[in-house]
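Student: Residue numbers (our numbering), protein chains in the order written: chain A, 397 to 783; chain B, -7 to 399. Beta carbons: idealized from backbone N, C-alpha and C, even for Gly.
(1) Rounding to the nearest angstrom, what Cα-Cα distance links residue 28(B) and residue 295(B) in this structure?
(2) Using a C-beta cutoff of 9 Å, does residue 527(A) count as contacting chain B?
(3) From the DSSP output, in three-state form, read off residue 35(B) for me.
(4) From residue 548(A) to residue 114(B), what distance separates their C-alpha atoms?
(5) When you compare the CB of residue 761(A) with every CB in chain B, is at least one pair closer than 9 Å?
(6) I want to see whether chain B comes within less than 9 Å of residue 471(A), judged by CB atoms only; does it?
(7) Taking 8 Å as the cut-off, does the stretch 673 to 683 of chain A touch the stretch 566 to 573 of chain A (at least 3 CB pairs, one atom from each stretch)?
(8) For residue 332(B), go through chain A and note every residue whose CB falls closer than 9 Å to its CB, in chain order.
(9) State the DSSP-derived secondary structure class of residue 252(B), mapped to helix, strand or coil.
(10) Taking only the alpha-carbon atoms, compute the straight-line gap between residue 322(B) and residue 774(A) and give it to the nearest angstrom.
(11) Given that residue 107(B) touches chain A, what residues does it touch there, using C-beta distances under 8 Å?
(12) Once the 5 residues before and after residue 778(A) are set aside, which same chain residues still bring their CB inside 7 Å of it?
(13) Does residue 110(B) have its Cβ less than 9 Å from a Cβ in chain A?
(14) Between residue 358(B) and the rest of its own chain, which residues show a CB-CB distance below 6 Å, the 5 nearest in sequence each way excluded?
(15) Is it buried or exposed for residue 216(B), if we count other Cβ within 10 angstroms and need 16 for buried?
(16) Is residue 20(B) buried or exposed, if buried means 16 or more other CB atoms sit within 10 Å of its CB?
(17) Closer than 9 Å, CB to CB, is residue 199(B) near chain A or not?
(18) Within the 9 Å Cβ cut-off, does residue 75(B) reach chain A?
(19) To which residues of the same chain is residue 489(A) closer than 6 Å at the C-beta, ignoring the five residues directly before and after it?
(20) For residue 767(A), which residues in chain B fall below 9 Å Cβ to Cβ?
(21) Return yes when the Cβ of residue 145(B) is within less than 9 Å of the Cβ of residue 154(B), no when it is not.
(22) Please confirm whether residue 185(B) and residue 97(B) have their CB atoms less than 9 Å apart.
(23) Measuring alpha carbon to alpha carbon, tell me which of 266(B), 162(B), 175(B) ends up nearest residue 360(B).
(24) I believe residue 739(A) touches residue 713(A) by the beta-carbon criterion, under 8 Å. Please report the beta-carbon distance rounded to the nearest angstrom.
(25) Are there three or more Cβ pairs, one per stretch, closer than 8 Å when the stretch 383 to 393 of chain B is compared with the stretch 174 to 181 of chain B?
(26) What's the gap between the Cα of residue 628(A) and the Cα of residue 604(A)?
(27) Assess, as a yes-or-no matter, whether the stretch 668 to 680 of chain A is touched by the stretch 697 to 713 of chain A under the definition of 3 or more beta carbon pairs within less than 8 Å.
(28) Please say whether residue 255(B) and residue 347(B) have beta carbons closer to each other than 9 Å?
(29) What residues in its chain sit with their C-beta under 6 Å from that of residue 443(A), if we drop five residues either side in the sequence?
(30) Tell me which residue opens and which closes the beta strand (DSSP E) that residue 374(B) is part of.
(31) Any Cβ of chain A within less than 9 Å of the Cβ of residue 196(B)?
(32) Tell me whether the stretch 579 to 597 of chain A and the stretch 615 to 631 of chain A touch, counting them as touching only if at least three CB pairs, one residue from each stretch, are closer than 8 Å.
(33) Output, in sequence order along the chain, the residues in the stretch 552 to 564 of chain A whose CB is closer than 7 Å to any CB in chain B.
(34) Using 9 Å as the threshold, is the C-beta distance between residue 221(B) and residue 174(B) below it?
(35) Would you mind sorting residue 193(B) into buried or exposed? The rule is 16 or more other CB atoms within 10 Å of its CB.
(36) Report back the beta-carbon spacing between residue 470(A) and residue 447(A) to the nearest angstrom; my notes put them in contact at under 8 Å.
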């Protein structure tokens, strides 16, 4: 029902942290540090060397389309990364975030029956480049105020990339609605939702934009005034007709474009960034885990994952700031994101999240996921201590 | 049960005052911050409540509070499951809980951090309210030590002698989701909002280390100086152990050091079929108990406190069966009522709680006999169950069950 492949490709194509690389890999000194590396490798370099070798094998397997080997190596990539990532996060937080961006989709694909080889090739290429930079990178100690500004700049890039994808995928969705193509519209609905759910708190800061785009039927005082994704969701999944939906689809496109324009000019503040991450986790823990958000399509777990992703993006942007004085907290947050992501992997089959109606049958697993989200929320709340 | 027929002339308030007086020496020492200063910023002194600070029960002492303490009006019993395999994390949590309990017991609360971006340290709903004799009593379930045959924290060799899940008896239909647990906290106060505040903040502090398995609420009130009544309308606890608790309640030298001065808490959630009971004749109700409903006097006697003569009671009467089997126990039960069930009937009953040093020769034989013989079974069903070891009390500077972890 829910296509994770598309979602992952989306993440990959955002290339979030590319402009930050220059700040990290110190070009003038690279020859010197490379020379050192050949004589005595640091723990990070040793770990990176191992990971590079595995990625090289993975690329070969991808080329041969050897699915079994691809899956095995994809998991090895993850194991090796987990084995030494703490050292990377301590010393090279920006490169760390970049490795995570490419490593996580590779691992997610390797857990699927039919991995998306093309997407994995792209990710593996990016990962290999990032690892090369990591081999020669020099650790820098930044002032806290500087890293905070950097954190916001990083996060702004993430938000911008998500909203850009939101606009293009919403346009495609609206087109299918206009054409009255229910099957296609359903597919595109699923494809566009995560982009909104990753950055929803930003939209919420722009007055009535969020209700226009994302209100649920119970959020409005009069159903006649109801617009946005969920109005069309009801037509698609409950009424099974797109008659009269063109006006809503057109309005939705206008609204997400308005969001895009506003995001371009908005000046984000560090505090609002972390508050937004908390909002996302609260969203996940209240409206997604209860199945309220997507009550007709039941793709709540996809939204939930997107909320967690959006919150994780804040954490990753904030790693340099956390490293200055809250390293232990950073470690705990990192671990807990892994726990939640792994928990969510349990509810995916063939790259698709199971529907909420399936998920909620097992009350123990609903409670377990809710527990893990609560732990994450408690830890993320403490991250505001960096201010 | 036991023939503790000595008249109790204390009013409830007088008893509360006595407890405060005996605990006051400890309370003076408890007012400073001191030992857990690493938990909160030592520069910031906790706020002092303007509320009546006389309505307090010392948290520190030889035994944990909330057992011999005169029964407060409201109960929350929280059962937790551990979410960690790290002994260190549990110790950290126990230190934090100790600190919070010390603050809450005297009507104080954690001050906020200087950074306003962080969540408030305290949830706030009890600020400035009297503690209302708030007590917080901590216990450890059998699964704290061993779960699925595994020694979880290398502490199984220090498990107290009688700690185990309550064995199956007749007339039970237990719901596992409201039974057992790795840990428990019994929170009692004269003021429900104060008790809830403690519950909420203790849970919040535990996130990441423990998760709530179940919570049972309770209430109990009685006429001044009289034995309180259960929801069947009968006096409950007439024959309760009232003195020489060393003989019945407090565990002694035959237990591991952390348990000496501690006790075992047995808990049963007993659903009462009140609508059926309310259509039963007065005669049959009294036959069922073996006591008079209004006066509480045992069959064949005149006053509530007169010694029980089992031969005068119907052979299946509740009091006769309970009196005949097992050594005396110390009860501290609460009534509960939580709306209606699926049939539209009142969801109500008794949150039965008792404390004893040796459940094997007291509570368990009684429970077994009652499950088989008690006429009351027609109107009740046991739906929840748990047994917890209550570690001995703490001196200021110690944390909950410290001797278990460190000796």
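Tutor: Taking the coordinates as given:
(1) Translated into the one-based positions of the second chain, residue 28(B) becomes position 36. Translated into the one-based positions of the second chain, residue 295(B) becomes position 303. Only weak support is given to the placement of residue 28(B): the predicted model assigns it a pLDDT of 35, under 50, and the value that follows is read from those uncertain coordinates. Using only the alpha carbons, I get a separation of about 52 Å.
(2) As a working note, residue 527(A) is residue 131 in the first chain. Taking Cβ atoms only, chain B never reaches closer than 9 Å to residue 527(A), which makes this a no.
(3) Locating residue 35(B) in the second chain gives position 43, where the first residue counts as 1. Annotation note: pLDDT 43 at residue 35(B) (below 50); position unreliable, coordinate value reported separately. Reduced to three states, the DSSP call for residue 35(B) is coil.
(4) Walking along the first chain from the start, residue 548(A) turns up at place 152. Walking along the second chain from the start, residue 114(B) turns up at place 122. Cα-Cα distance, rounded: 30 Å.
(5) If you number the first chain from 1, residue 761(A) lands on position 365. By this cut-off, residue 761(A) is not an interface position.
(6) Counting from 1 along the first chain, the entry for residue 471(A) is found at position 75. Answer no: the Cβ-Cβ gap between residue 471(A) and chain B never drops below 9 Å.
(7) no
(8) The sequence position of residue 332(B) within the second chain is 340, counting from 1. What residue 332(B) touches in chain A: nothing, since even the nearest Cβ is about 22 Å away.
(9) Working through the second chain from its first residue, we reach residue 252(B) at position 260. Of the three classes helix, strand and coil, the one that applies to residue 252(B) here is coil, per DSSP.
(10) As a position in the second chain, residue 322(B) is number 330, starting the count at 1. As a position in the first chain, residue 774(A) is number 378, starting the count at 1. Going from the Cα of residue 322(B) to the Cα of residue 774(A) covers about 40 Å.
(11) Residue mapping note: residue 107(B) aligns to position 115 of the second chain, counting from 1. Those are 780, 781, 783, listed as they occur along chain A.
(12) As a working mapping, residue 778(A) is identified with position 382 in the first chain. Here the set comprises 725.
(13) One-based indexing of the second chain puts residue 110(B) at position 118. So, interface residue.
(14) If you number the second chain from 1, residue 358(B) lands on position 366. Excluding sequence neighbours, residue 358(B) sits near 314, 317, 318.
(15) Within the second chain, numbered from 1, the residue matching residue 216(B) stands at position 224. So residue 216(B) counts as exposed.
(16) The residue you call residue 20(B) lines up with position 28 of the second chain. Caution applies to residue 20(B), whose pLDDT of 33 falls short of 50 and renders its modelled position unreliable; the value that the coordinates give is listed next. Exposed.
(17) Residue numbering aside, residue 199(B) sits at position 207 when the second chain is read from its first letter. Residue-level contact by beta carbon holds for residue 199(B) and chain A, with a gap shorter than 9 Å.
(18) What you label residue 75(B) is simply residue 83 of the second chain in a count that begins at 1. With 9 Å as the cut-off, residue 75(B) counts as an interface residue toward chain A.
(19) Reading the first chain from its first residue, position 93 is the one you call residue 489(A). 715, 716, 719, listed in sequence order.
(20) Working through the first chain from its first residue, we reach residue 767(A) at position 371. What residue 767(A) touches in chain B: 75, 199, 203.
(21) Position 162 of the second chain, counted from the first residue, corresponds to residue 154(B). Position 153 of the second chain, counted from the first residue, corresponds to residue 145(B). No, they are not a contact pair.
(22) Sequence index remark: in the second chain, residue 185(B) carries index 193 (1-based). Sequence index remark: in the second chain, residue 97(B) carries index 105 (1-based). Not closer than 9 Å, so no.
(23) Counting from 1 along the second chain, the entry for residue 360(B) is found at position 368. Ranking the options by Cα distance to residue 360(B), first place goes to 162(B).
(24) The sequence position of residue 739(A) within the first chain is 343, counting from 1. The sequence position of residue 713(A) within the first chain is 317, counting from 1. Incorrect: roughly 23 Å between the Cβ atoms, too far for contact.
(25) no
(26) For the purposes of this step, residue 628(A) is taken as the residue at position 232 of the first chain. For the purposes of this step, residue 604(A) is taken as the residue at position 208 of the first chain. Our two residues, residue 628(A) and residue 604(A), have alpha carbons roughly 18 Å apart in a direct line.
(27) yes
(28) One-based indexing of the second chain puts residue 347(B) at position 355. One-based indexing of the second chain puts residue 255(B) at position 263. Yes, they are a contact pair.
(29) By one-based count along the first chain, residue 443(A) stands at place 47. Cβ within range, chain order: 480.
(30) Reading the second chain from its first residue, position 382 is the one you call residue 374(B). Residue 374(B) -> beta strand (DSSP E) spans 372 to 382.
(31) Residue 196(B) sits at position 204 when you count from the first residue of the second chain. Interface residue, yes.
(32) Contact holds: three or more Cβ-Cβ distances are below 8 Å.
(33) none
(34) Counting from 1 along the second chain, the entry for residue 221(B) is found at position 229. Counting from 1 along the second chain, the entry for residue 174(B) is found at position 182. In this structure, residue 174(B) does not lie closer than 9 Å to residue 221(B) by Cβ.
(35) Looking up residue 193(B) in the second chain gives position 201. So residue 193(B) ends up on the buried side.
(36) As a position in the first chain, residue 470(A) is number 74, starting the count at 1. As a position in the first chain, residue 447(A) is number 51, starting the count at 1. Not a contact, Cβ separation roughly 12 Å.
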